[in-house]
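Going from the sequence shown to our numbering is simple: count from 1 and add 995. Here the structure comes first, spelled out in structure tokens, and everything after it is commentary.
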Amino acid sequence: MRKLIILFFVGLAITVSSCRQDFVFQASKGALTFSRDTIYLDTVFTNIGSSTYTLKVYNKSNTDIKIPTIKLGKGATSKYRMTVDGMTGENNKIFHDVELLAKDSMYIFIETTAGITDANPSNFLYTDQIQFDSGANFQKVELVTLIQDAYFVFPNKTNGVVESIPIGFNTDGTVLQTNGRNLSDNHPDNGNEYLFKTDKPYVIYGYASVPNTKTLTISKGARVHFHADSGLVIQQGGTLHIEGETSTTPALENEVIFEGDRLEPDFEDIPGQWGTVYLRQGSGTNNHKIKNLTLKNAVIGLLVENNVGSAMTIENTQIYNCSNYGLFSVNGSIVGKNTVINSCGQFCLAAVLGGNYNFKHCTFNNNWSSSKQLAVYVSDYLKDALPVDNLPLIQANFTNCIIYGSNSNEIILEKKGTLFNSTFQNCLVKINVSPSSVSVANPLLYDAIRLEQNGNKINQNPDFLNVNKNKLIIGAVSAANGFGIDAGVPLDILGIQRTLPNIDLGAYQHITFPSN
């Protein structure tokens, strides 16, 4: 028995040793291939980290190889950093004796954080190389990043405590704070921060606050980028003036643009990248004015609170891809002209707790991929609102508007009090004609029949160019063509003349779409 046991372990050892194959790595001969020969890390702001980019390295030979060095050309001073198959090497810059099996590949992940002073002053490009081996076996992959300078607005930090500003009240009445700071008349780096200029974009961290008696003026052509969980707050007594103008090229050279601070193409249409523009109760002393603004990818585009004593105007403005609301107004007073709101996680327009609204030639469309979103929601109450639960809806007038989307019903009006005035004149509205669209507790105030009797078009196709790309201009076969009345808005959002009898609904006069 003992001999059998010994023979068993001897046989096992022989079997294991016969299956084992020691890897013998030969020096690389410079025959590596790569998934790309140049890596373009998309535009980044000065000293702001980039996304992570990937390079795949292939050993297509039949030999296991060892690459003596993989390094960044500028060595330890390089503003790039990388990992090689999960290894960090020497400070993410230099790697020695990297093994790669025959017919195998490995991943290199690259990032950068570079300043404008690191870039070439003539073209603002920062470049380097990933270098493999040396001498006769030398191979390389180029790295290129465009660095953009900016004005940076961020809260100060004292003894580890980040500066904060008030944004409301908790349920117990205490002041609710968030990271941010008041803008400055004479900032040491940015100068007068109450006038946003156009020579460089603005990048905001936390919330930039406009305090009592101050007016923030944003010039035509300005670009404002918000970091995650950031935005603008206009405090009581403060005012916002956005002074964009109609552009003549696709570059939107005269528009004011609000968006996130990730400039890579993959982030172009990602909702919820930043917070909101919050116009607090009592703000707008000098009347808020928003003209030719393109705002996209926020949580809430514009949040308006209790400004019924000081009407604001929103004109020639586009709001896209907000994860919650495009325009959320609580007991607000708003005049909207040539305004387009598309694709929001809840409502494009939500006007609650009453207010005073007058929308002309506006396009509200919601194709968000769920069954709960709406284009327009209007009510005279707000759940748990204190000290009152409903306020009068003085008026909610919609003239020459398009209210549409992917669901069978894109509009709801709900009433709790006694004063609720709403009118629709020459609009195109998508509404569910079934009884299930009517809430017993809060009856739907407009059904399809009443809307149609009042001179509106129901459930007809507006023929948008491409809602997924936020192109809400209408085509030649649109039901909105020529259905409008003279509403006192002579030019469309692109500056095209409106004349009877060819006044179209929505923010755009129609065009003839090119054939496929």
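Where a beta carbon is used, it is the ideal one built from N, C-alpha and C, also for glycine. Bear in mind that the values here come from a model prediction, so they are computed numbers and not experimental data.
Opening and closing residue of the beta strand (DSSP E) in which residue i lies
i, result
"Q1313", "M1307 to C1317"
"D1099", "D1099 to T1107"
"M1077", "Y1075 to V1079"
"H1236", "T1234 to E1238"
"S1324", "Y1320 to C1339"
"A1071", "From DSSP, A1071 is part of no beta strand (DSSP E); its letter is neither H nor E."
"E1300", "I1295 to E1300"
"C1396", "Element bounds for C1396: n/a, residue is neither H nor E."
"S1214", "T1210 to S1214"
"P1161", "S1159 to F1164"
"S1278", "No beta strand (DSSP E) contains S1278, which DSSP labels as neither H nor E."
"L1288", "L1288 to K1291"
"N1118", "Looking at the DSSP string, N1118 is not in any beta strand (DSSP E), and its letter there is neither H nor E."
Member of the options whose CA lies at the smallest distance from the CA of residue i
i, options, result
"E1240", "P1161, T1064, E1263 and L1486", "L1486"
"T1494", "I1480, N1362 and T1244", "I1480"
"E1254", "E1238, E1248, L1290 and K1284", "L1290"
"P1196", "E1250, L1348, Q1126 and N1454", "E1250"
"Q1276", "W1269, S1159 and V1303", "V1303"
"G1070", "T1122, S1242, A1026 and D1167", "T1122"
"V1330", "G1025, Y1399 and A1482", "A1482"
"G1279", "L1298, Q1268 and W1269", "L1298"
"I1229", "N1207, S1242 and L1388", "N1207"
"Q1420", "E1447, L1414, Q1504 and N1402", "E1447"
"N1118", "Q1390, G1232, T1244 and I1142", "I1142"
"F1342", "G1400, H1222, T1033 and N1287", "G1400"
"S1403", "N1385, K1152 and S1366", "S1366"
"G1270", "D1167, S1242, Y1320 and F1127", "Y1320"
"S1023", "N1087, I1043, D1092 and L1067", "D1092"
"P1116", "Q1126, D1144, Q1134 and D1099", "D1144"
The alpha helix (DSSP H) enclosing residue i, as first and last residue numbers
i, result
"L1446", "A1443 to Q1448"
DSSP-derived helix/strand/coil call for residue i
i, result
"H1505", "coil"
"D1261", "helix"
"T1173", "strand"
"G1130", "helix"
"K1464", "helix"
"G1025", "coil"
"L1495", "coil"
"I1001", "Confidence at I1001 is low in this model, with a pLDDT of 46, below 50, so the placement of that residue is unreliable and no value is reported for it."
"A1223", "coil"
"K1088", "coil"
"D1113", "helix"
"F1040", "strand"
"V1139", "strand"
"H1182", "strand"
"V1347", "strand"
"E1094", "strand"
"N1204", "The sequence shown places Ser at residue 1204, not Asn. S1204 falls in the strand class under three-state DSSP."
"G1400", "strand"
"M996", "Caution is warranted here: a pLDDT of 48 is assigned to M996, below 50, making its placement in the model unreliable, and the coordinate value is therefore given only provisionally. The answer is coil: DSSP assigns M996 none of H, G, I, E or B."
"G1412", "coil"
"S1417", "strand"
"V1484", "coil"
Whole-number beta carbon distance between residue j and residue i, since they are thought to touch under 8 Å
i, j, result
"K1192", "S1214", "6 Å"
"V1157", "L1178", "The Cβ separation is near 17 Å, so there is no contact."
"T1210", "N1281", "6 Å"
"T1041", "I1103", "About 25 Å; that fails the 8 Å criterion."
"S1338", "N1316", "5 Å"
Distance CB(residue i)-CB(residue j) smaller than 8 Å
i, j, result
"I1162", "Y1273", "yes"
"I1453", "V1484", "no"
"V1371", "L1344", "yes"
"F1518", "G1084", "Nothing can be reported for residue 1518: it is not among the residues displayed for the chain, which extend from 996 to 1511."
"S1523", "A1097", "With the chain covering 996 to 1511 only, the question about residue 1523 has no answer from this structure."
"Y1146", "N1174", "no"
"I1237", "I1285", "yes"
"V1136", "L1120", "no"
"I1426", "G1501", "no"
"Q1313", "V1335", "yes"
"S1374", "E1409", "yes"
"L1467", "N1333", "no"
"A1443", "Q1455", "no"
"H1505", "G1450", "no"
"I1062", "L1095", "yes"
"I1105", "Y1035", "no"
"N1476", "D1499", "yes"
"I1389", "G1350", "yes"
"S1318", "G1267", "yes"
"R989", "L1050", "Because the chain spans 996 through 1511 in this model, residue 989 falls outside it and cannot be assessed."
"Q1021", "T1058", "yes"
"L1258", "T1038", "yes"
"T1212", "L1190", "yes"
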